[in-house]
Each structure stands twice: as C-alpha cells, then as structure tokens.
Amino acid sequence: MKTEDNLKNQGTTPTHKTAFKNFPMVPRVIFGAGCFTQLGDILLHMRKSSETPFIFLVDDFFENEEFLAKVPLMFNDEVIFISADEEPKTAQVDALVARIREKYNELPSGVIGIGGGTLLDLAKAVSILLNNNGSAKDYQGWDLVNKPALYHVGIPTISGTGAEVSRTTVLLGPEKKLGINSDFTPFDQVLLDPDFSKTVPKEQWFYTGMDCFIHCVESLTGTYLNAFSQSYGEKAMELCKQVFLEDIAPEESRDKLMMASWHGGMSIAYSQVGVAHAMSYGLSYLLGVKHGIGNCLVFQHLEEFYPEGVALFNKMMEKHHIKLPKGICAELTQNDFDVMINISLSLRPLWENALGKDWKTIMTPERLQALYQKI
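Here you go:
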C-alpha cells in the first residue's frame, strides 16, 4: 500500500526523463459583449488591502471621462495611460516599475492591462518585474524568470496578437527584440469583451488580424507541428477565413476574430512562429515598424515558403482594399541590413520551426538580405 507522501508525490516527480514541456494556460477567462462591467466584482476578491492598489495600464486612446467612469477604481487605485504608437521597450518597463515602487510602500494588488498587444505585453512585463530583481532586459529569453509575477489581468481591445493568451511578452531591448518567455508570464485572468473592438480603424483591424492569420500559417506548416498546436491553429484559421473572406455581420465578425486571436495564440504555445515573425522582429528593432504591419510587409514576399498562405493573404488584402506601403528598406545602408539580419537570425526556434534543423544552410544572411530588400 502506498503511503500518503507517496500519493502526494505521484505525478509531480517524474520517474523518467521526458522532453515534453509542461505549459501553463490562462486559468480564468470571461467572454461576452459587455463583460467589462464585471471587472469590479473580479478584482474585489483579489485586493490584498485598501493600501495596495490595482495599477491599470491603459492605451491612451481611452483617455476620456466616459471610459474612466467605467473603470472600477477603489481606494488608491491608479490609471496610467500609455501610448501604443511604439512597440513596448525594456526601458519603458523598468521606468514603470520604478515609478510604482517609489509611489507605494507595498507591492500593488495587481496589474491590469487594457489595450492591444503593446499594453498587454507591458502589463505582463511590469507584473513580472515588480516581483523580480533586475531589469526587464535580463529576462529576455526563455525561462529566465525565477519568481511568480504579481496578479495580472489582460483585457484586449483589439483582436489578433494572441498576447492575451501567450506565455511571452515581446519587448524591444537595447540589443534585441525578444520576449520574456516564462511560465509566469501568462495572465491570471482575461476578459474578452468584443465591444471594445468597435472603434478600431480598418487598417489597424486588418494588420492585427493578419498577425493571427500568420500565426496560424507559420504554426500549421512548421516542423514543430503537433496535434495540440494543429487543433488550435486549424480553428483559428477557419475563423480568420470567415472574418476576412466572407460577408458576416459586424457583431459576429468581432466575436469570431476575438476567438481566432485566442486560438491563434494557443496554436504557438506548443509550437512556434516562423519566417515572417523572425523577419518582422528585425524591421521592428531597426525601424520601429509595428508588429502587425511588419508581419504583413514581410509575408507578402514569402510565397516560396508559404504559397497557400500568401495566396489567401492576397485575397484578403484585395477584398478589404488594403495597400501596403512600399520602399521601407529602400534607403538602408549595409550596416542597417546587418543589424536586421543579426536580430532575425538570432531567433533560432523560429527558423528551426520554419525550415528544419538545417535552417542555417537554407537561410543565409545573403538570402535574408535579398528578402528585406524587396520590402
């Protein structure tokens, strides 16, 4: 008969070495138009004391009295409005953490991010750094975070990035653009309220939605593909096709794109992205090109890697009358190209997923530069 201690340990201590990763998932999620009104009830149970505030990091698009009236503020809770015009930076995370630590005697009850991928990534990173020493740049990489993050909530106001469900927070650092990939990164709670995306401009809606579509293409065609990733990726792809190629009601479109983003983010939890994301990281680092449009600028030239995906992408662009800017890389120096190439080629898992273990012989720096020169 097994002892009580043996029973407790069963399943937690492996008896043999395994290569499978034990990924965390968002433990609580609420979905539905208007569910933002339930945020106050959710936070009420998570507040540590009247002296420990909730910090709301909010896209400055919502900097108005109407929105503030809906935010369930109590005691000394604070709203910090942040521009999403630029990609989130490690220095920005450090500055926010320093500001919060200086202002309050105790750690906050939690961090709530309200916005697109930029604000969601900032909220995840700030919650991690408030409970871990050092700078955000110290944690760019895989599994470098030692302590759990503070309680953090994600509320996406635009759909496509998958930031609401992923285990990474992508940041521009002094030397690279790379995520804080860790088991402590995912949100503790997510609110999916499709009503927020009513006000998203058409081009931004398209570019961010294409981030989700490209997640699916890169995951479903990658060497890392498995049944877990495939099940989420196929559902996200199906939803993307309905949203961007069919004529459906706006309310239905908002609902479906929000769920496509969720499934698209989950599709890379046990897989990876590929060529488009690896190249767009270089564009973003050097030129500050935002992630959604950066993926689109690259993906249009990747027919040799993703022929079916690029064909669908072109149909979607045509249906929604989207014209991508040209000549982005026309005036770059050789040094500029070298910087982008080095950033891009440093993302080994992305290239291995896209091209296999011999990817270095396939994607040479010269071939990569030739692709960049088309943009």
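Position 276, counted from 1, in the sequence shown is what full-length UniProt numbering calls 276; the numbers after and before it change by one each time, with no gaps. Glycine is no exception: its CB is placed at the ideal position from the N, C-alpha and C atoms. These numbers come from a predicted model, not from an experiment.
Looking at the DSSP output, Val-190 sits in a beta bridge with Val-29 and Gly-154. Of the candidates Glu-65, Leu-225, Ala-136 and Gly-115, Gly-115 places its Cα closest to the Cα of Lys-198. Residue environment: Met-46 is assigned as exposed (fewer than 16 neighbouring CB atoms within 10 Å of its CB, all protein chains considered). Glu-331 and Ile-341 have their alpha carbons spaced roughly 16 Å apart. Shown here, Phe-75 sits in coil according to DSSP, grouped into three states, outside any helix or strand. By the neighbour-count criterion, in which a residue is buried when 16 or more other Cβ atoms sit within 10 angstroms of its Cβ, Thr-37 is exposed. For Asn-131, the CB contacts under 8 Å within the same chain, skipping 5 residues up- and downstream, are Leu-107, Lys-147, Pro-148, Ala-149 and Leu-150 in chain order. Contact holds between the stretch 209-220 and the stretch 264-277, because three or more Cβ pairs, one in each stretch, are under 8 Å apart. In this chain, Lys-176 is not harboured by any alpha helix (DSSP H), its DSSP state being neither H nor E. Taking 8 Å as the cut-off, the beta carbon of Ala-260 is found closer than this to the beta carbon of Ser-159. Counting along the chain, Asp-211 sits inside no beta strand (DSSP E); it lies in the alpha helix (DSSP H) bounded by residues 202-220.
The continuous beta strand (DSSP E) containing Phe-56 extends over residues 54-59.
A distance below 8 Å between beta-carbons, with the five flanking residues on each side excluded, links Ala-84 to the following residues of its chain, in chain order: Asp-59, Asp-60, Phe-61, Gly-115, Gly-116, Thr-118 and Leu-119. Close CB contacts of Val-190 within its chain, under the 6 Å cut and outside five residues either way in sequence, are with Val-26, Val-29, Gly-154 and Glu-164 (chain order). Of the candidates Leu-286, Leu-287 and Met-279, the residue whose Cα lies closest to the Cα of Gln-300 is Met-279.
Phe-81 sits in a strand when the DSSP states are folded into three classes. Around the CB of Lys-290, 16 or more other CB atoms lie within 10 Å, so the residue is classed as buried. Under the three-state reduction of DSSP, Lys-315 is assigned to helix. Under the 10 Å beta carbon count, His-321 is surrounded by fewer than 16 other beta carbons and is classified as exposed.
Ranked by Cα distance from Thr-333, the options Asp-255, Lys-323 and Gln-373 are led by Gln-373.
In this structure, the straight-line span from the alpha carbon of Lys-360 to that of Thr-221 is close to 18 Å.
The beta-carbon distance between Ile-343 and Lys-177, rounded to whole angstroms, is 6 Å. This is short enough to meet the 8 Å contact definition.
Looking only at Asn-226, Cys-240 and Val-71, the smallest Cα-Cα distance to Trp-205 is reached by Cys-240. DSSP places Val-170 within a strand segment (E or B) once states are collapsed to three.
About 5 Å separates the Cβ atoms of Leu-171 and Thr-90, confirming a contact at the 8 Å cut-off. Its Cα nearest to that of Glu-251, the residue Pro-194 stands out among Ser-50, Pro-186 and Pro-194.
Residues Gln-272 of the same chain have their beta carbon placed closer than 7 Å to that of Pro-349, with the five preceding and five following residues left out of the count.
The three-state reading of DSSP puts Asn-295 in helix, counting H, G and I together. In this structure, DSSP gives Ile-341 a helical state, which the three-state scheme calls helix. Setting aside the 5 residues that flank it on each side, Tyr-207 is surrounded in the same chain by Gly-292, Ile-293 and Cys-296, each with a C-beta closer than 7 Å to its C-beta; the list follows chain order. Sequence-distant Cβ neighbours of Arg-254 in its own chain, meaning closer than 6 Å and more than five residues away, are Pro-194 and Ser-197.
In this structure, Met-258 places its C-beta atom within 8 Å of the C-beta atom of Leu-192. The residue from Leu-347, Leu-286 and Glu-304 with its alpha-carbon nearest to that of Glu-87 is Leu-286.
The three-state reading of DSSP puts Val-273 in coil, since its state is none of H, G, I, E or B.
Taken through DSSP and simplified to helix, strand or coil, Gly-141 comes out as strand. DSSP places Ile-375 outside both helix and strand once states are collapsed to three, so it counts as coil.
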